Amino acid sequence: MPPKRDGVPAKKKGKVQAKPLPIAAGSNWAKMKGQLQTAKPAEAKKQDLQYVKVKKTTEKKPKKAQTIDWIDTSKIVAMDCEMVGVGLSGTRSVLARCSIVDFDGNVVYDEHVKPMEKVTDFRTHVSGIRSKSLRNAIPFPKCQQDVGAILKDKILVGHALRNDLQALMLTHPKPMIRDTTKYRPYMRRKVNGTKLLPKALRHLAQEVLDKTIQTGEHDSVEDARTTLELYKKAMVPWEKALKAAKVPGALVGQAPVNVQAKAKQTGASKAKTGDVDDDDDDIETLKSKPVEKKTLHIPDAQALMLQEYDE
1 MPPKRDGVPA KKKGKVQAKP LPIAAGSNWA KMKGQLQTAK PAEAKKQDLQ YVKVKKTTEK
61 KPKKAQTIDW IDTSKIVAMD CEMVGVGLSG TRSVLARCSI VDFDGNVVYD EHVKPMEKVT
121 DFRTHVSGIR SKSLRNAIPF PKCQQDVGAI LKDKILVGHA LRNDLQALML THPKPMIRDT
181 TKYRPYMRRK VNGTKLLPKA LRHLAQEVLD KTIQTGEHDS VEDARTTLEL YKKAMVPWEK
241 ALKAAKVPGA LVGQAPVNVQ AKAKQTGASK AKTGDVDDDD DDIETLKSKP VEKKTLHIPD
301 AQALMLQEYD E
């Protein structure tokens with residue numbers, strides 16, 4: 001053991017760890033060290049071995065409704081009217097409420113109308129109209145004037161618009177009408193599968209839009225918005241069919257499949273029996289039949305004279 005000096009043990013021989021030299025405050029090393037500490041980490045690249053692919057999450061943007069280049073949506077409105085009954089039996093319908101919405105579904109016009117005749121059947125369970133609903137109603141001529149001004153130069157969307165326009169005593173150009181009862185894909189076939197018939201608005205809403213309406217009293221604003229949604233759903237093929245149609249106001253679009261006629265046709269094709277060579281036999285039969293030569297008979301002058309006098 002190494003000798004002790006004044007009671008203090010001697011240090012073992014070995015490597016002596018060097019102490020770091022003090023760094024001057026203004027040296028380049030201190031500046032570089034500070035830059036390294038504050039520097040941003042390098043971004044990962046595809047060629048790096050430890051590259052981690054990060055998927056970018058983007059918010060889903062709502063899909064915009066398809067539009068047609070030659071159609072100005074600001075000129076599209078949807079209308080629906082509610083009727084009440086007049087007359088002794090209350091079966092004659094007159095206007096009691098008229099609602100119009102724009103292409104975005106905003107209410108443009110919604111007014112109750114006072115009939116010019118005494119109401120004998122309010123039809124509240126369907127129309128939603130009551131006697132108190134008509135206390136502050138506007139006169140019919142006023143409604144007629146207002147609606148006529150709104151519909152001018154507009155594309156009118158609705159369900160069975162003929163009834164609404166008849167109640168308003170107004171007309172509208174046929175090329176400017178989009179009636180959901182006149183669009184073939186929205187129609188149904190008769191029981192025998194031949195004639196096309198319109199569907200009720202509530203049935204169309206349920207089938208096409210998966211929407212339930214008219215469970216009780218009808219709301220003309222809701223019905224107008226529903227017809228507008230139906231039009232938007234088929235706007236592109238509808239407008240293309242109208243552009244290709246020659247007669248305005250006629251039924252447009254592809255008709256639903258005639259299931260019964262298709263079944264009959266399939267059954268008939270299955271019931272048909274015979275060899276493939278039957279057609280050849282028919283051809284041979286036609287070939288074997290002699291062709292009669294027609295001769296031209298020219299009557300003489302005496303025969304013509306007798307024919308003239310019916311002799």
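Mapping of the sequence shown onto the UniProt record's numbering: residues 1 to 311, in sequence order. Just so you know, even glycine gets a beta-carbon here, dropped at the ideal spot from N, CA and C. These figures come from a predicted structure and were not determined experimentally.
- Task: Hey, could you find the ends of the beta strand (DSSP E) Leu-95 is sitting in?
- Result: 92 to 102
- In whole angstroms, what is the alpha-carbon distance linking Asn-136 and Lys-199? 34 Å
- Query: Quick one: what's got a C-beta closer than 6 Å to Ala-250's C-beta in the same chain, skipping five residues either side?
  - Reply: none
- Query: If you draw a straight line from the C-alpha of Val-108 to the C-alpha of Ile-100, how long is it?
  - Reply: 5 Å
- Message: Measuring only the C-alpha atoms, how far is Cys-143 from Val-113?
- Response: Roughly 7 Å separates the two Cα atoms.
- Item | Neighbourhood of Asp-92 by C-beta, 6 Å cutoff - its chain only, sequence neighbours within 5 removed | The question names Asp, yet the displayed sequence has Arg at residue 92. Counting only Cβ-Cβ distances below 6 Å, and skipping sequence neighbours, we find Val-86.
- Task: Would you give the residue range spanned by the beta strand (DSSP E) that Ala-78 belongs to?
- Result: Here the beta strand (DSSP E) through Ala-78 covers 76 to 86.
- Item | Segment limits, beta strand (DSSP E) that includes Thr-226 | No beta strand (DSSP E) contains Thr-226, which is instead part of the alpha helix (DSSP H) from 220 to 233.
- Query: What residue does the beta strand (DSSP E) around Met-32 start on, and which one ends it?
  - Reply: Per DSSP, Met-32 belongs to no beta strand (DSSP E); it is in the alpha helix (DSSP H), 28 to 38.
- Query: Is Leu-196 helix, strand or coil by DSSP?
  - Reply: In this structure, Leu-196 counts as strand in the three-state DSSP scheme.
- Got a sec, what are the start and stop residues for the alpha helix (DSSP H) Arg-188 sits in? Note, Arg-188: premise wrong, no alpha helix (DSSP H); beta strand (DSSP E) at 187 to 189.
- Item | Counted within 10 angstroms of its Cβ, other Cβ atoms place Arg-178 as buried (16 or more) or exposed | buried
- Report the three-state DSSP secondary structure of Thr-58 (helix, strand or coil). Here Thr-58 scores only 47 on pLDDT, less than 50, and its place in the model is too uncertain to base an answer on.
- Query: How many angstroms separate the CA atom of Ser-89 from the CA atom of Thr-124?
  - Reply: 16 Å
- Task: Would you be able to state if there are at least three C-beta pairs under 8 Å between the region 76 to 83 and the region 153 to 164?
- Result: yes
- Task: Please classify Thr-124: does DSSP put it in a helix, a strand, or coil?
- Result: helix
- Message: Here's a check: name, in chain order, each residue in its chain whose Cβ is nearer than 8 Å to the Cβ of Met-169, leaving out the five neighbours to either side.
- Response: Gln-144
- Does the distance from the CB of Ile-129 to the CB of Ala-96 come in under 8 Å? yes
- Return the CA-CA distance between Thr-215 and Ile-138, expressed in angstroms with no decimal places. 28 Å
- Query: Just the Cα atoms here: how many angstroms apart are Lys-154 and Phe-103?
  - Reply: 11 Å
- Apart from the five residues just before and just after His-231, which ones in its own chain have a Cβ nearer than 6 Å to its Cβ? First, the residue type needs correcting, since residue 231 is Tyr and not His in the sequence shown. The answer, listed in chain order, is Val-157 and Arg-178.
- Message: For Gly-253 and Arg-202, which I take to be in contact (beta-carbon distance under 8 Å), what is that distance rounded to the nearest angstrom?
- Response: Contact annotation, Gly-253 with Arg-202: C-beta distance approximately 21 Å; criterion of less than 8 Å not satisfied.
- Query: Would Thr-180 pass as a contact of Leu-204 if the rule is Cβ separation under 8 Å?
  - Reply: yes
- Would you say Phe-122 and Ser-131 are within 8 Å of each other, going by their C-beta atoms? yes
- Ala-224 versus Ile-76: straight-line alpha-carbon distance, rounded: 12 Å
- To the nearest angstrom, how far is it from the Cα of Asn-163 to the Cα of Asp-69? 31 Å
- Query: Where does Arg-202 fall in DSSP's three states?
  - Reply: Helix at Arg-202.
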